[in-house]
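Numbering (the working numbering), first residue to last: 2 to 245. Quick reminder that beta carbons are idealized off the backbone N, C-alpha and C, glycines included.
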């Protein structure tokens with residue numbers, strides 16, 4: 002078994018043994034859609050827009066609360082301390098977490114789609130739903146590294162509060178709760194500099210049958226590189242603080 006395969010098995014086993022982490026993360030976006038999105042979405046393009054927004058929200062939730070919080074918690078465990086003392090690089094562990102994030106993100110988005118069909122009467126073409134799922138796989142990459150960086154920067158005692166302080170404003174600024182045209186002009190200007198706004202633009206274009214804006218795709222690639230670099234720096238900082 003390769004190092005990556007071993008890390009994949011370990012990551013999935015640890016997550017599945019902690020349903021308190023992954024069950025709420027998968028259920029909450031669909032529940033939130035049932036409470037609010039289904040009543041305000043209407044039919045047609047507005048309904049598709051709402052579903053795409055909650056799909057992006059689901060991806061962010063997986064990244065922040067399933068991986069960001071779990072990494073901060075794991076850093077204090079005896080096993081994690083032993084694991085970090087090994088001479089191996091962290092890339093296999095990060096790749097395993099990314100693969101797990103993709104799986105759980107698809108599950109969360111699929112549940113949003115099912116809820117939208119059952120509760121909101123969504124009539125989205127199967128091909129459009131498949132494209133939205135594929136788009137969310139792409140969006141999960143920058144989101145996961147954003148959550149991973151948070152997990153290495155925050156302590157286990159503060160990570161939930163810090164995650165909420167970042168996650169909730171990003172969801173609002175990205176137009177996931179309020180459409181960007183309805184945001185105050187100053188907020189809308191700030192919104193265009195956030196990763197969540199570009200995630201939303203890509204998802205909204207997908208359900209509208211358009212190509213995603215090139216500026217948003219390039220912005221997300223830039224954010225991904227930045228979050229990978231931040232994750233590496235945070236990892237090195239954490240390792241130095243513990244092992245010198």
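Under 6 Å Cβ to Cβ from residue 157, same chain only, skipping five residues before and after it: list those, please. Position 156 of the chain shown, counted from the start, is the residue given in the question as residue 157. 73, 74, 77, listed in sequence order.
Taking C-alpha atoms, which residue in 105, 51, 216 lies nearest to residue 27? As a working mapping, residue 27 is identified with position 26 in the chain shown. For residue 27, the nearest C-alpha among the options comes from 105.
DSSP three-state assignment for residue 158, whether helix, strand or coil: Position 157 of the chain shown, counted from the start, is the residue given in the question as residue 158. The three-state reading of DSSP puts residue 158 in coil, since its state is none of H, G, I, E or B.
Let me know the secondary structure DSSP gives residue 3 once reduced to three states. As a working note, residue 3 is residue 2 in the chain shown. If DSSP states are grouped into helix, strand and coil, residue 3 belongs with coil.
Is the beta carbon of residue 34 sitting closer than 9 Å to the one on residue 51? Working through the chain shown from its first residue, we reach residue 34 at position 33. Working through the chain shown from its first residue, we reach residue 51 at position 50. Yes. Within cutoff.
Quick one: Cα of residue 130 to Cα of residue 206, how far? By 1-based counting over the chain shown, the position of residue 130 is 129. By 1-based counting over the chain shown, the position of residue 206 is 205. The alpha-carbon atoms of residue 130 and residue 206 are separated by roughly 13 Å.
Rounded separation between residue 62 and residue 219 - CA only: Position 61 of the chain shown, counting from 1, holds the residue named residue 62. Position 218 of the chain shown, counting from 1, holds the residue named residue 219. The straight-line gap from Cα to Cα measures roughly 23 Å.
Would you please verify whether the beta carbon of residue 238 is less than 9 Å from any beta carbon of chain C? The structure shown contains no chain C, having only a single protein chain.
With 16 other Cβ atoms within 10 Å as the buried cut-off, status of residue 95: Within the chain shown, residue 95 is the residue found at index 94, counting from 1. Label assigned to residue 95: buried.
Please list the terminal residues of the continuous alpha helix (DSSP H) segment that includes residue 202. Numbered from 1 along the chain shown, position 201 holds the residue referred to as residue 202. Bounds of the alpha helix (DSSP H) holding residue 202 are 196–208.
Simplified DSSP state of residue 140, which is helix, strand or coil: For the purposes of this step, residue 140 is identified with residue 139 of the chain shown, where counting begins at 1. Residue 140: helix per DSSP, three-state reduction.
Local conformation of residue 19 per DSSP, three classes: Working through the chain shown from its first residue, we reach residue 19 at position 18. Coil, per DSSP.
Report buried or exposed for residue 119, applying the criterion of at least 16 other Cβ atoms within 10 angstroms of its Cβ. Here the question's residue 119 lines up with position 118 in the chain shown. Looking at its Cβ environment, which holds fewer than 16 other Cβ atoms inside 10 Å, residue 119 is exposed.
Residues in its own chain within less than 6 Å of residue 117 by CB, not counting five upstream and five downstream? As a first step, residue 117 is located in the chain shown; it is residue number 116 there, counting from the start. Excluding sequence positions up to five before and after residue 117, its CB lies within less than 6 Å of the CB of 52, 123, all in the same chain and listed in chain order.
Three or more C-beta pairs under 8 Å: does that hold for the stretch 197–212 against the stretch 228–236? By the Cβ rule, the stretch 197–212 does not count as touching the stretch 228–236, because fewer than three pairs are nearer than 8 Å.
Please state the DSSP three-state secondary structure of residue 178. Residue 178 sits at position 177 when you count from the first residue of the chain shown. Three-state DSSP puts residue 178 in coil, outside helix and strand.
Residues in its own chain within less than 6 Å of residue 114 by CB, not counting five upstream and five downstream? Residue numbering aside, residue 114 sits at position 113 when the chain shown is read from its first letter. Taking C-beta separations shorter than 6 Å and ignoring five residues to either side along the sequence, the partners of residue 114 in its chain run 130, following chain order.
For the alpha helix (DSSP H) containing residue 48, list its first residue and its last residue. Locating residue 48 in the chain shown gives position 47, counting from the first residue. First-last of the alpha helix (DSSP H) with residue 48: 46–62.
Beta-carbon gap between residue 167 and residue 225 smaller than 9 Å: Translated into the one-based positions of the chain shown, residue 167 becomes position 166. Translated into the one-based positions of the chain shown, residue 225 becomes position 224. No.
Roughly how many angstroms separate the alpha carbons of residue 49 and residue 125, rounded to a whole number? Along the chain shown, one-based indexing puts residue 49 at 48. Along the chain shown, one-based indexing puts residue 125 at 124. C-alpha separation (whole angstroms): 7 Å.
DSSP three-state label for residue 118, please. Translated into positions along the chain shown, residue 118 becomes position 117. In this structure, residue 118 counts as helix in the three-state DSSP scheme.
Taking the continuous alpha helix (DSSP H) assigned at residue 73, which residues delimit it? If you number the chain shown from 1, residue 73 lands on position 72. First-last of the alpha helix (DSSP H) with residue 73: 70–75.
To the nearest angstrom, report how far apart residue 181 and residue 200 are at their CA atoms. Looking up residue 181 in the chain shown gives position 180. Looking up residue 200 in the chain shown gives position 199. C-alpha separation (whole angstroms): 13 Å.
Cβ-Cβ separation, residue 164 to residue 22 (assumed contact under 8 Å), whole Å: Against the chain shown, residue 22 aligns to sequence position 21. Against the chain shown, residue 164 aligns to sequence position 163. Not quite, the Cβ-Cβ distance comes to about 13 Å (not below 8 Å), so this is no contact.
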